[in-house]
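Comments concern the structure below.
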DNA sequence: TCAAAAGATTGATATAAATCAATAGAAATT
DNA sequence: AATTTCTATTGATTTATATCAATCTTTTGA
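Residue numbers (the numbering used here), protein chains in the order written: chain A, 1 to 232; chain B, 233 to 464.
What follows is the structure, given as structure tokens:
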């Protein structure tokens, strides 16, 4: 795979709306702009590697990436899919300064990397911003609680239904979407084996709940999918 | 069960060290003291109920409690055991103002309930405190990542070994401890059925990894337990 | 002190889901 | 265009684990 990077300083940070950044004042935004790097990653490239030091806040300006943690026996868990407008703060901030997850591009991705110093300075001096960051963290905690329920109480069908709904409603905003996630990726989002994922997708297809053709998925019966998701 | 409550205002907040509260200044501590209630809960009592509004920060001054979320089909997941010095902030803070978990006493528990207003005021005005709260949240996120790996990649033995180590090293600080958690509770911590838990504990006992007698557990081979936990 | 309720234990059975193995198809490389 | 490599699919088998049912033990309440 050919890897190209486009690093420059004429960033268009402000052209993308990041949820939480609206509380920043002129000076803080300028500090962000001065500290930042604009970096483009190609599909498949690693943006952040678990275990390395966390020096940056990663803002996704364009494209899609997966955020995942390394589990046992070379298996991964994909925590979430990142897209335009998302920014990620490592849980290493104020703890061990390490990245606790990896992020890799699943399409070409335009990012803005903001230095951790500019970020922490804004966190310390702007209490409205601090509040938004804590809010963000609380949403993350709520999502992880849901994942725990998914993983421990639902069976495959429920977990996979949940993943399809997530992709449709939270990521692609359409009942009819094309994904660049591989079957293994969708399995890693659902905590099932690749083979089981394929079988369940086939089942859903044969029951006319979804139509699936390669990486194109269409949800035919949203209600059924939600039911399967709810009862597990 | 007889339920008695002892509510008064002569709190000894400062007699217990809460990790994070050392960054509070005189005024903030006074605001905490003025807003708070000292409440004693009996074993089995609900301290916080998932779904209700979160009005307080709960500080555990004495005793043990379990923090759990409601899953499917009346099943619960115990996220953690709380003990002296712990305080808990609901992920509802700055989001939906709801409690996203329940907390119930597993021994008699002395608590300090601090009003959410005093807490948020300190968060907003004291950036060192805000930093510690975010730090705490980041630790919580890291713990949840580990739980996800436990629940999705480890088998029963690994998950149960992990729970025993957790109780020994993080909660009771001894290789030889008495717990007030029921078998169902230990199962809910490990995401296994009660029957499976009992069978695995029996296995561990017969392999001389632990000695178990009622609610008294002694770890004989810490190394073996860690190995089982690590490989899953 | 006894009865009843709740919690713990054991065994038998059912089932969900992973693993293994083989093949097919798509994409990348020569 | 041919070959290799990676990804996707299908079927057969094994395994882990839940569920069900029965019994035993402990705790609680009358």
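Positions of the beta carbon are idealized from the N, C-alpha and C atoms, including for glycine.
Quick caveat, the model's predicted, so the values are computed rather than measured.
Where the alpha helix (DSSP H) through residue i begins and ends
i: residue 420(B); result: 415-422
i: residue 27(A); result: 26-35
i: residue 143(A); result: 127-153
i: residue 461(B); result: 454-463
i: residue 431(B); result: 426-438
Residue i, enclosing beta strand (DSSP E) - first and last residue
i: residue 218(A); result: 216-219
i: residue 335(B); result: 334-337
i: residue 398(B); result: Careful: residue 398(B) lies outside any beta strand (DSSP E) and carries neither H nor E.
i: residue 318(B); result: Unbroken run through residue 318(B): none, as it is neither H nor E.
i: residue 15(A); result: No beta strand (DSSP E) holds residue 15(A); DSSP gives it neither H nor E.
i: residue 238(A); result: The displayed coordinates of chain A run from 1 to 232. Any statement about residue 238(A) would go beyond what the structure contains.
i: residue 299(B); result: 296-302
i: residue 409(B); result: 408-410
i: residue 280(B); result: 278-280
i: residue 442(B); result: 442-445
Beta-carbon neighbours of residue i, restricted to chain A and to distances below 7 Å
i: residue 253(B); result: Within 7 Å Cβ-Cβ: nothing; residue 253(B) doesn't reach chain A, min ~16 Å.
i: residue 377(B); result: 69, 100
i: residue 519(B); result: Past the edges of chain B, shown from 233 to 464, lies residue 519(B), and the structure says nothing about it.
i: residue 383(B); result: 148, 151, 152
i: residue 307(B); result: 153
i: residue 423(B); result: 152
Chain-order list of residues whose beta-carbon lies under 7 Å from that of residue i (same chain, five-residue window excluded)
i: residue 71(A); result: 77
i: residue 448(B); result: 410
i: residue 429(B); result: 392, 415, 418, 419, 422
i: residue 165(A); result: 225, 226, 229
i: residue 200(A); result: 156, 157, 160
i: residue 65(A); result: 47, 82, 103, 104, 105, 106, 109
Per-residue burial, residue i [other beta carbons within 10 Å of its own, 16 or more giving buried]
i: residue 283(B); result: exposed
i: residue 231(A); result: exposed
i: residue 153(A); result: buried
i: residue 157(A); result: buried
i: residue 263(B); result: buried
i: residue 80(A); result: buried
i: residue 259(B); result: exposed
i: residue 183(A); result: exposed
i: residue 261(A); result: Since the first residue of chain A shown is 1 and the last is 232, residue 261(A) is not available in this structure.
i: residue 268(B); result: buried
i: residue 370(B); result: buried
i: residue 227(A); result: exposed
i: residue 288(B); result: buried
i: residue 439(B); result: exposed
i: residue 400(B); result: buried
i: residue 193(A); result: exposed
i: residue 350(B); result: buried
Neighbourhood of residue i by C-beta distance below 8 Å, restricted to the same chain and skipping five residues each side
i: residue 3(A); result: Caution applies to residue 3(A), whose pLDDT of 36 falls short of 50 and renders its modelled position unreliable; the model cannot decide the point.
i: residue 17(A); result: 85
i: residue 286(B); result: 280, 322, 324, 325, 329, 330, 331, 348
i: residue 67(A); result: 78, 79, 80, 81, 82, 88, 101, 102, 103
i: residue 252(B); result: 319, 361, 364, 365, 367, 368
i: residue 205(A); result: 211, 212
i: residue 123(A); result: 129, 130, 133
i: residue 199(B); result: One cannot answer for residue 199(B) here, as it falls past the ends of chain B, which runs 233 to 464.
i: residue 203(A); result: 157
Contact set between residue i and chain B, taken where Cβ atoms lie within less than 8 Å
i: residue 95(A); result: 367, 370, 371, 374
i: residue 232(A); result: 304, 305
Partners in chain A for residue i, counting only beta-carbon separations shorter than 8 Å
i: residue 187(B); result: Within the shown structure, residues of chain B are numbered from 233 to 464, placing residue 187(B) beyond reach of any answer.
i: residue 356(B); result: 127, 130, 131
Proximal chain B residues relative to residue i, where beta-carbon distance stays under 9 Å
i: residue 174(A); result: Neighbours of residue 174(A) on chain B: none; closest Cβ ~26 Å, over 9 Å.
i: residue 250(A); result: A question about residue 250(A) goes unanswered here, because the residues of chain A that appear run from 1 up to 232.
Heavy atom of the ligand MG within 7 Å of residue i beta-carbon
i: residue 258(B); result: Ligands displayed in this structure: none; no statement on the ligand MG is therefore possible.
Inspect the CB distances between the stretch 338-353 of chain B and the stretch 286-295 of chain B and report whether three or more fall short of 8 Å. yes
For the structure I just gave you, are there three or more beta carbon pairs, one from the stretch 120-134 of chain A and one from the stretch 167-177 of chain A, closer than 8 Å? With a cut-off of 8 Å on Cβ pairs, the stretch 120-134 of chain A is not in contact with the stretch 167-177 of chain A, counting fewer than three such pairs.
The stretch 363-381 of chain B in contact with the stretch 131-151 of chain A per 3-pair CB rule at 8 Å: yes
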